[in-house]
Amino acid sequence: MNASESRSGAHRPSGKKGKKTTVAGIVLAVVVGGYTLLRPSINEATGWNLPALPGKQVAKDSVADNSPSPVSEKKSSSRSVPKQTESAKPLTPRVESPTRSERDESAQSPGPLASKMTRGDPQSGTSAVSNADKSDLEYGLLREISPDRFLSPAGVLYTPGSAEGHRLEHLRRHTEDQPNRSGKHGVFDGDMEGALVTIDKAYEKAQANQRTTKEVDGKRTIYTVDMGKRVGFVGGRDGQRSRNPMARRVRLVLEGNRLITAFPL
Amino acid sequence: MAQPESFRSCLEVNSVTHPDSNSDVRHSVGSCPICEQGLCSIRACGLVDDKPSHGLVVCDECEAIWLQPNVQGVHIYADAETPKCPIDQSPLYHGNNRWATLDDIDRLGWSDAVNPDLTYQPDSDDS
Ligand SMILES: [Zn+2]
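Residue numbers (full-length UniProt numbering), protein chains in the order written: chain A, 1 to 265; chain B, 1 to 127.
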């Protein structure tokens, strides 16, 4: 409501955005200041109880455009989770948003993997996302949309399953070499955080059919995506024999948007 | 793995599938023709008096399942989230079954299908 009010006097489209913002800001400041000063008098004279303005309201509204409500999405079941970039929007950089309290609630009831996943901060410190916001995300990337079910920004779903008990734990096998394992064993660079980011990029490329081969086998889809640069190395016994060559392709095995396994090739 | 115990206890508390598969030797019949990286390992299922009544071959990457020790044959998939043995519907990884021992494989009559070069013990790679 306040966001639309603050935008009503100035059109958003490009051009003299900075200047208009300044003018709008001055007007808004005058209005807000006047309201704040006059509110007690009006209340006293009329017997009304006009609400006070929260201190950070203006600052919050100025960044609210990019913050769709994550609340409804959080409650949605995984079956109705959007497959594509819609799901990425809640993770766009944000400063304190009005929905902060709801996000805190989710942070207070982490899933069973959270204690492991949030251990250690992701290495990338360049994002505008604050540390507090990132700590709400598993591995700084995944949102827990329901207990034990995690959604990536690109829309990849990580759920229970596999011999390891959870797809993320299966994926963890591909963040370390298994030199005694026969055959090849793809290992992602960058630990879990790196693996998850690479998988998201591969998924986006696969959806866009960029440098991707696709095989469909019943419910399963197997993508092999050329990432155009190193994303890991080939381990296992075969990899060791050939001095662990770098891997620049990723194979994704999916059921819908649910990840079954992924590894570098 | 660095912190397997803490993770396992988390899983148990939350009644998520209990991984049974990280400490056993796995005997395999081949590399997976579908994902091309998994090992197709034998599970001994339908245990009666600790003896298997049937076997499965399961890819440890993509979880393709074969009912016979021939991975060129027809494969199926279990449910991705709650995988079950397609024959007796016991949970695939923590039900009335296990990664087959050589004895199990002998009882199943599948010994000739095992490729000893593919035998793998996940614990052997733990640091
Ligand atoms: Zn496979």
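Think of the CB as a built atom: it goes at the ideal place given N, C-alpha and C, for glycine as much as any other residue.
Fair warning: this is a prediction, and the values are worked out from it, not measured in the lab.
Legend entry - Per DSSP, cross-strand counterpart(s) of A:Glu255: A:Arg220 and A:Arg258
Inset, instruction - Please list, in chain order, all residues of the same chain as B:Gly73 whose beta carbon is under 7 Å from its beta carbon, the five residues on each side excluded. - result: Trp66
Legend entry - Contacts of A:Val253 in chain B (Cβ-Cβ under 7 Å): Cys35 and Cys62
Inset, instruction - Please classify residue 129 of chain B: does DSSP put it in a helix, a strand, or coil? - result: This structure cannot speak to residue 129 of chain B, because chain B is shown only from 1 to 127.
Inset, instruction - Could you tell me whether any non-hydrogen atom of ligand 1 is closer than 7 Å to the CB of B:Gly38? - result: yes
Inset, instruction - Alpha carbon to alpha carbon, how far is B:Val25 from B:Trp99? Give it in angstroms, no decimals. - result: 7 Å
Inset, instruction - Apply the 10 Å Cβ neighbour rule to A:Ser242 and answer buried if 16 or more other Cβ atoms are within range, or exposed otherwise. - result: exposed
Inset, instruction - Closer than 8 Å by beta-carbon distance: list the chain A residues that pair up with B:Asp117, in chain order. - result: Ser182
Legend entry - Closer than 9 Å at the beta carbon, the chain B residues around A:Lys219: Tyr77 and Ala80
Inset, instruction - Quick one: give me the first and last residue of the alpha helix (DSSP H) that A:Arg172 is part of. - result: Arg167 to Arg172
Inset, instruction - For my contact list, B:Glu61 and B:Gln37 are in at a C-beta cut-off of 8 Å; report their separation, rounded to the angstrom. - result: 5 Å
Inset, instruction - Measure the CB-CB distance between B:Asn97 and B:Ser28 and report whether it falls below 8 Å. - result: no
Legend entry - Cut-off 6 Å between Cβ atoms - residues of its own chain near A:Pro179, not counting five sequence neighbours on either side: Gln240
Legend entry - From A:Asp238, A:Thr221, A:Gln207 and A:Asn244, residue whose alpha carbon lies closest to that of A:Gly155: A:Gln207
Inset, instruction - Report yes or no: is there a C-beta of chain B within less than 8 Å of the C-beta of A:Gly190? - result: no
Legend entry - 4-residue-minimum alpha helix (DSSP H) runs that sit fully inside the region 176-213 of chain A, ordered along the chain: 191-207
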